[in-house]
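**Q** So our numbering is basically just the index in the sequence shown, starting at one, shifted up by 3. Yeah, the Cβ is synthetic: ideal placement off N, Cα and C, and Gly gets one too.
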Amino acid sequence: MPQAAAAVSLNDVMRRPRGHVFREDREMKKPSVSQGDHQQYFKSIREITKPSPGYSVEQLDHIGRSVNPYWPAAHMNSLAADFEMMSEDLQKLAMAIEKRKFRAPGDGSFKLTGHEADKAQLLEIAQDLQAVHDNLQLYIERLFSLWASQNGVLKRNIFSDKFLSLKKKKSAGQEKDLMISAENIKGLFPIDRLKNAYKNLSTRFHYFKPKNDRDFWALHRIYIQTVDQTYKHNLLGFTDFEELVEKRDYAENAAYYMFLHFTHVTNDYKNPLYRNSDILLELWYSSPFVNMLNVIDPRHKARFLHQIIKMDALDYTSTPRPGLIEKHLARSLKDLFEHNSLLGSLENGYTLSRTNQLSIKTIVTVFLDNLLWDKEWGNSEAMRLAAQTLKFIDGTYLHIKPLNPTTSAIDAMFKPIRNKINLFSARAQAIVELEKFSKYLHESFPLRNDGSLQKPIPISEELNLIEGHLEHLPAQDAYHKVVKGQDDRHKPWCEEDIDAKMIALKEDIDKVRGTSWIYNIFK
4 MPQAAAAVSL NDVMRRPRGH VFREDREMKK PSVSQGDHQQ YFKSIREITK PSPGYSVEQL
64 DHIGRSVNPY WPAAHMNSLA ADFEMMSEDL QKLAMAIEKR KFRAPGDGSF KLTGHEADKA
124 QLLEIAQDLQ AVHDNLQLYI ERLFSLWASQ NGVLKRNIFS DKFLSLKKKK SAGQEKDLMI
184 SAENIKGLFP IDRLKNAYKN LSTRFHYFKP KNDRDFWALH RIYIQTVDQT YKHNLLGFTD
244 FEELVEKRDY AENAAYYMFL HFTHVTNDYK NPLYRNSDIL LELWYSSPFV NMLNVIDPRH
304 KARFLHQIIK MDALDYTSTP RPGLIEKHLA RSLKDLFEHN SLLGSLENGY TLSRTNQLSI
364 KTIVTVFLDN LLWDKEWGNS EAMRLAAQTL KFIDGTYLHI KPLNPTTSAI DAMFKPIRNK
424 INLFSARAQA IVELEKFSKY LHESFPLRND GSLQKPIPIS EELNLIEGHL EHLPAQDAYH
484 KVVKGQDDRH KPWCEEDIDA KMIALKEDID KVRGTSWIYN IFK
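#1: Give me whichever residues DSSP pairs with Leu361 in a beta bridge.
#2: Using DSSP bridges, identify the partner residues of Asp453.
#3: How should Asp64 be labelled, buried or exposed, when 16 other C-beta atoms within 10 angstroms of its C-beta is the threshold for buried?
#4: For Asp28, count neighbouring Cβ atoms within 10 angstroms of its own Cβ and tell me buried if that reaches 16, exposed if not.
#5: Going along the chain, which residues of its own chain have a beta-carbon closer than 7 Å to the beta-carbon of Gly111, five neighbours each way excluded?
#6: Cα-Cα, which of Ser383, Leu371, Glu446 and Lys439 is closest to Arg324?
#7: In the structure shown, what three-state DSSP assignment does Thr52 receive?
#8: Where does Val248 fall in DSSP's three states?
#9: Please report how far the alpha carbon of Gly240 lies from the alpha carbon of Leu508, in whole angstroms.
#10: Helix or strand or just coil, what does DSSP make of Asn154?
#11: Give me the residue from Leu476, Glu465 and Pro495 with the minimum Cα distance to Asp513.
#12: Kindly indicate which three-state DSSP category Ile512 falls into: helix, strand or coil?
#13: How many Å lie between Met31 and Ile506 at the Cα?
#14: Out of Gln38, Ile128 and Phe162, point me to the one whose CA is closest to Asp85's CA.
#15: Quick check on the DSSP output: the alpha helix (DSSP H) that includes Tyr201 runs from which residue to which?
#16: So, helix, strand or coil for Met505, using DSSP?
#17: Between Ile227 and Pro291, how many whole angstroms is the CB-CB distance? I'm expecting something under 8 Å.
#18: Tell me whether Thr322 sits in a helix, a strand or coil according to DSSP, three-state version.
#19: What residue does the alpha helix (DSSP H) around Phe448 start on, and which one ends it?
#20: Taking the alpha carbon of Phe45 as the point to measure from, which residue in Asp511, Asn274, Leu473 and Trp496 has its own alpha carbon closest?
#21: From Gln232 to Val135, what does the alpha carbon distance come to, in whole angstroms?
#22: Whose C-beta lies closer than 8 Å to the C-beta of Ser356 among residues of the same chain, with five residues either side of it excluded?
#23: Note down, in chain order, each residue of its chain lying with its Cβ closer than 7 Å to the Cβ of Asn274, except the 5 sequence neighbours on either side.
#24: Taking three-plus beta-carbon pairs below 8 Å as touching, is the stretch 279-297 in contact with the stretch 450-467?
#25: By the 10 Å Cβ neighbour count, where 16 or more other Cβ atoms means buried, how is Val435 classified, buried or exposed?
#26: Take every Cβ of the stretch 123-140, pair it with every Cβ of the stretch 199-206, and state whether three or more of those distances are shorter than 8 Å.
#27: Is it buried or exposed for His236, if we count other Cβ within 10 angstroms and need 16 for buried?
#28: Taking 8 Å as the limit between beta carbons, can you name the residues of its chain near Leu406, skipping five residues before and five after?
#29: Return helix, strand or coil for Lys484, following the three-state DSSP convention.
#30: Could you give the DSSP three-state label for Asp64: helix, strand or coil?
#31: Using the C-alpha atoms, what's the distance from Leu450 back to Ile403?
#32: Is the stretch 48-68 touching the stretch 94-102 in the sense that three or more CB pairs, one from each, lie closer than 8 Å?
#33: Which whole-angstrom value is the C-beta distance of Thr409 and Leu336, which I expect to be below 8 Å?
#34: Is the CB-CB distance between Ser441 and Asp511 below 8 Å?
#35: Helix, strand or coil, according to DSSP, for Pro461 in the structure here?
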């Protein structure tokens, strides 16, 4: 049977010059980029990197050891863009709140004047956050400008015109603002405005339904992002940051409002695997969680993870399911999460209710059914959520020794299914690992010049780097190790499933290479 014709590019018909090699029957150039550029490349592309905890200047100091000033400039631009996006969101939100009209509920339980008062308080919260943003923007500009001047990076390569335009323009005849150092800006930070914003967010609006009020959840989301950014840029000290994120319900609110934003606004959520908490927390737009999770205690962290799974599960159970197994799993998930009964038992060592015991037993029984694991199990939403629930219970509570009577009884049920829980998790990680590269290729590729700095890696080399990197991806290796521990009858589908996705990604790279050859002529 004849093979399908391969795409031919200009390089295929040119004489092979010195420095070319063959890989998998295709001619490829040996990488010509430096080792430092190679390393920084895979740390700088947001789509394929995990958010890092710590201070922005510490990260810059680490990146600054690179010989090429392109990388720290690109990193500062990304950090400035984060602030720029958050600040624009707040400005638009404040205008929307100003224009909104409250309607009194049909039962007449609230007077219009009360709603107008709430509108005023929402605006007050927005104004508190704006005061913090004004301080933060000036601090970022001073801090990064100082770092750039000390490390040989030109200021024009750091900030976009959009970032600089966030400052209020002066009209003719107005006094210019006085210049002040980053350290003194830090001393003037209005932490009282930040604390006041959270106090008002937490104590009022009890009758709002956040899922139906996007202004309210957006305001809370921006508050969470603001707290993270003020700490990340070292404008907010550790003690104050710890005090804020350890407040009652802060972690659950962070999960709740950010999850609402992700599921309603972010396109990535078209892939349900991105809802898995272990995957969600490794996506670049989850960076507001990273420093918080390094600070809060295990109890708050467990509540944070529980809230993510709870919202995901109840979203699934809100729609009737036709399949028999799906109906039983949906009923079990609803029982475990709807009234936080599972969390209460695990947290306090209470005896599980009879319905909770039956719900967990139902999920475990399904996981023990060999027929279910022959194929297509990975595409079931009910199974994904069941696996996430089991992983949460196992990873959050069953590792705490000594086990109490409640967790001890659950632990005995988990022993025969742990390899299946691990299989679900490893497969999800492996799939998303490949999808991150695919998203970058389709949405952000290639590297761009940064200001006057030329990108250090040309298009053809960038594709070669990505393709070579695919041979050493950690989640792929971890998944194949987990598959080896499965029953022989289930291994073929597991291997074929992920291999097909890897082949599809490599075909995507070939397509990009075929469409980008013209740029190589003029690079």
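**A** Walking through what the data contain:
#1: Answer is none; Leu361 lacks a bridge partner.
#2: Looking at the DSSP assignment, Asp453 forms a beta bridge with Leu456.
#3: Burial call: exposed.
#4: With a pLDDT of 43 at Asp28, under the threshold of 50, the predicted position of this residue should be treated as unreliable, though the coordinate-derived value follows. Answer is exposed; the Cβ neighbour count stays below 16.
#5: Summary for Gly111: the model assigns pLDDT 46, below 50, so the residue's position carries little reliability, and this model does not support an answer.
#6: It is Ser383.
#7: Annotated three-state conformation of Thr52 is coil, per DSSP.
#8: Here Val248 sits in helix by DSSP.
#9: Rounded to the nearest whole angstrom, the C-alpha separation of Gly240 and Leu508 is 44 Å.
#10: Correct three-state label for Asn154: coil.
#11: Ranked by Cα distance from Asp513, the options Leu476, Glu465 and Pro495 are led by Glu465.
#12: DSSP places Ile512 in helix when its eight states are reduced to three.
#13: Per-residue confidence for Met31 stands at a pLDDT of 48, beneath the threshold of 50, marking its modelled position as unreliable; no derived number is given.
#14: With distances taken between Cα atoms, Asp85 lies closest to Phe162.
#15: Here the alpha helix (DSSP H) through Tyr201 covers Ile194 to Thr206.
#16: Helix.
#17: In this structure, Ile227 and Pro291 form a Cβ contact; the two beta carbons are roughly 6 Å apart against a cut-off of 8 Å.
#18: In this structure, Thr322 counts as coil in the three-state DSSP scheme.
#19: Under the DSSP assignment, Phe448 falls outside any alpha helix (DSSP H); it carries neither an H nor an E label.
#20: Phe45 has its Cα closest to that of Leu473, out of Asp511, Asn274, Leu473 and Trp496.
#21: Here the alpha carbon of Gln232 sits roughly 11 Å from the alpha carbon of Val135.
#22: Sequence-distant partners of Ser356 (beyond 5 residues in either direction) whose C-beta falls short of 8 Å from its own C-beta, in its chain, are Ser344 and Ser348.
#23: Glu438, listed in sequence order.
#24: The stretch 279-297, when compared against the stretch 450-467, does not touch it at the 8 Å Cβ threshold.
#25: That one is buried.
#26: Verdict: yes, contact present.
#27: Looking at its Cβ environment, which holds 16 or more other Cβ atoms inside 10 Å, His236 is buried.
#28: Same-chain partners within the cutoff: Asp414.
#29: Helix, per DSSP.
#30: Three-state result, Asp64: helix.
#31: Looking at the two C-alpha atoms, the distance is approximately 45 Å.
#32: Fewer than three beta-carbon pairs drawn from the stretch 94-102 and the stretch 48-68 are found closer than 8 Å, and the two stretches are therefore not classed as touching.
#33: The C-beta distance from Thr409 to Leu336 rounds to 19 Å, too long to fall under 8 Å, and the pair is not in contact.
#34: Cβ distance < 8 Å, so Ser441 and Asp511 count as in contact.
#35: If DSSP states are grouped into helix, strand and coil, Pro461 belongs with coil.
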